[in-house]
Every structure is written in C-alpha cells, then in structure tokens.
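Participant: I'd like to ask you about the structure that follows.
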Amino acid sequence: MKSYFSIVVFFVLLLSSIVTGTDRYLSTEDMIKDDLNQALAHTIAEKGGAWLASDTIKAYRQLQNTASGHVALLINDELFNERLSIPELRDKAYISFDILLKNIVAQNSEYSLNKICSDTIILNPTSLKYCNASVAMRGYAECSFFMVLSMSDQKLPIVLMLLSLLWGGMTYYYFKKKGLLYRVSFAETESNDSLGVYAKNDDSSVMSVGNISYNIQSETFYGADNREINLTPMQFELMQMFFKAEGHRLMKTDICNTLWPGKDNANETLYTMIKRLKPVIETNSNLKIEVERGRAYKLRVDD
Numbered sequence: 000m001k002s003y004f005s006i007v008v009f010f011v012l013l014l015s016s017i018v019t020g021t022d023r024y025l026s027t028e029d030m031i032k033d034d035l036n037q038a039l040a041h042t043i044a045e046k047g048g049a050w051l052a053s054d055t056i057k058a059y060r061q062l063q064n065t066a067s068g069h070v071a072l073l074i075n076d077e078l079f080n081e082r083l084s085i086p087e088l089r090d091k092a093y094i095s096f097d098i099l100l101k102n103i104v105a106q107n108s109e110y111s112l113n114k115i116c117s118d119t120i121i122l123n124p125t126s127l128k129y130c131n132a133s134v135a136m137r138g139y140a141e142c143s144f145f146m147v148l149s150m151s152d153q154k155l156p157i158v159l160m161l162l163s164l165l166w167g168g169m170t171y172y173y174f175k176k177k178g179l180l181y182r183v184s185f186a187e188t189e190s191n192d193s194l195g196v197y198a199k200n201d202d203s204s205v206m207s208v209g210n211i212s213y214n215i216q217s218e219t220f221y222g223a224d225n226r227e228i229n230l231t232p233m234q235f236e237l238m239q240m241f242f243k244a245e246g247h248r249l250m251k252t253d254i255c256n257t258l259w260p261g262k263d264n265a266n267e268t269l270y271t272m273i274k275r276l277k278p279v280i281e282t283n284s285n286l287k288i289e290v291e292r293g294r295a296y297k298l299r300v301d302d
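No gaps in the numbering here: position 19 of the sequence shown is 18 in numbering that gives the first Met the number 0, and each next residue is one more.
Next comes the structure, spelled out in structure tokens:
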C-alpha cells in the first residue's frame, strides 16, 4: 500500500462526509422555511381579516405612538402552529406582525441567531391606505444548530465519517507495523556473520544488507539511522549490483563491462569510484567494501 494513496482515500471519505452532511443540514433548513411559508399562507388566508381589521390596526398604531418608536408584534398563533407539518416546530414557532410606513422597507433576513425565517408577506389593507402603509407578516421558528442537525438525515455522512476514521486507523497501524518490520529486519541483519544477509520486508519492496536498506519502489538507499544515503548515479548503480549479486560479490570485469562497456581504462575508473564510495558506506552503515584477490569486490558486514 502506498502512503499517498492511503492519504487520498482518507481525505476523500472525510470530505465526502463533510460535504454530504452540510448539504443535508442546509436542505433541512430549506424544508423548515418552506413549512413556515405554507403555514403562514394558510393562516393569513383563514384569519387574516381579523388581523387587518380597523380595530386591530388602530390598537397597533396606538401602541406605536405610546412607544414612540418602531413596534413589531410576535404572535404565538394556535392555527399557525397547527398548520405546521413538522411536529418539532409547533411549540417553537410564531408570527411577526409589523406595520410599515411609506419609505420603510421590510428587512427580510432569512436566518438570524437560532431562528429560521419564512418569506415576508406584504398586505395592503384598506384601513391603512390613508397613510400609505402596509402590513408585513413573517413566520419564525426557534431552531438551534443542534435541533436542525437532529432533524436532518445524517446516516450517510456518519457512515462516511466512520469509514474515514476506520481507514485512517488501519493506515496508521499498517505503516506503524511496516516501520517496525524495517527495524526488525535491520536488527536481524546486524546479528548475522560477516557473509552478510539479504533480507526483504513483508511486501518485498525493501532489501537489506547489514543495516543498509534499499527501497525498490522509491529507488533509495537508507543508512543505519534511516536517512537517505546520497550517492552519485554510478555509485547508486554499483550498490544496486552489490545488493542483487549472490553473496554480494562482484567481479571487477563484470562491473566494468556493465558501467563502462568498451572503456580502455575502466579498471582505474572503478578503483577511483570504489575509493570514494567506501567512506560513504562505512560512515552510514556497518558495511564495508573489500577486495578479493585483486579480481573482485565484496560487500560485507564489518565485525
């Protein structure tokens, strides 16, 4: 399993959960608003005449004059509550009643803190024609974030969230276990004799000799401290040959023919490269490169 693939899957599941949950929350808010709209329309159709009667308007105007300012009435109307199709709203909904004088526009803010508002219905009763005024009515429902959330269908978002957490936990456990296997592999190779040991981890993507490991997928060598060993392209290719060779032993002629085919002074070039490679390997691991009878080089664990 590749780490970037695991991360992508985790975030796809997590973002899908968030997006789906948000969409269903907003859809529930729209459903509440639609219910307020239809309940308000039915209520006005059935008893709007009583609210718009001259006596009602007169009493409201007197209240405005007494208060010396703008007044809006909040009415907990029984018929309005009965007309609501969502049971959770029936004890939390009310109607606002407001007279708008000319040049005053109703502020129809859709949402306020812990409230959801219906559309505004503007009425023009004959009792207000003399002052060029209108009646604005809205339906409100006191709905907290958690109330709307509990009313929305969050089954799929919850399942996606649980899947993302499960995937994240499994990924963490997998890579933690994988790292432990690397350390066990290094410890086992250190305990072997000077012949050196060739090891692979569980998914055959890592080869180890001594406490140097080679990741086949990323084509990277790591030292005893698990840090990448910086090698030149030729040094890298030679180390690959050592790791793949039986007994980690290479004949000089095989190295020269592979790295510098047809080159006249290939032995001198090889000698120079080995001379520069030795301190890099010995500094980063418990391995060393030895010459065998002047004909071959061998990678072995230093006692």
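Built from N, CA and C at the ideal position, the CB exists for glycine as well.
Would you report the Cα separation of threonine 170 and alanine 223, rounded to the nearest angstrom?
Facilitator: If I take the Cα positions, the gap works out to 25 Å.
Participant: In terms of alpha-carbon separation, which member of Phe96, Ala58 and Thr42 lies closest to isoleucine 74?
Facilitator: Phe96
Participant: List in chain order: all unbroken beta strand (DSSP E) runs of 3+ residues lying wholly within the region 121–150.
Facilitator: 133–141
Participant: Between which two residues does the beta strand (DSSP E) holding lysine 297 run?
Facilitator: 295–300
Participant: Count the other CB atoms, across all protein chains shown, that sit within 10 Å of the CB of leucine 35; report buried if there are 16 or more and exposed otherwise.
Facilitator: buried
Participant: Using CA coordinates, which residue listed in Thr268, Phe241 and Met30 is at the minimum distance from tyrosine 296?
Facilitator: Phe241
Participant: Quick check: the Cα distance between valine 134 and glutamate 45, rounded to an integer number of angstroms?
Facilitator: 16 Å
Participant: In three-state terms, what does DSSP make of methionine 160?
Facilitator: helix
Participant: Could you tell me whether the region 140–154 touches the region 27–43, where touching means 3 or more Cβ pairs closer than 8 Å?
Facilitator: yes
Participant: Going by DSSP, what residue range makes up the alpha helix (DSSP H) through isoleucine 56?
Facilitator: Taken as a continuous stretch (DSSP letters only), the alpha helix (DSSP H) holding isoleucine 56 covers 53–66.
Participant: Excluding the 5 residues preceding and the 5 following threonine 294 in the sequence, name in chain order all residues of the same chain whose CB lies nearer than 7 Å to its CB.
Facilitator: The question names threonine, yet the displayed sequence has arginine at residue 294. Cβ neighbours of arginine 294 beyond the five flanking positions: Met250 and Lys251.
Participant: Using only the alpha-carbon positions, how far apart do methionine 233 and aspartate 253 sit?
Facilitator: 14 Å
Participant: Once DSSP output is grouped into helix, strand and coil, what is the label at threonine 119?
Facilitator: coil
Participant: So, do the region 7–14 and the region 149–168 have three or more beta carbon pairs nearer to each other than 8 Å?
Facilitator: yes
Participant: Tell me the residue span of the alpha helix (DSSP H) that contains alanine 265.
Facilitator: 265–283
Participant: Tell me the DSSP bridge mates of valine 8?
Facilitator: As far as DSSP is concerned, valine 8 takes part in no beta bridge.
Participant: CA-CA distance, valine 8 and serine 151?
Facilitator: In this structure, the alpha-carbon of valine 8 lies about 26 Å from that of serine 151.
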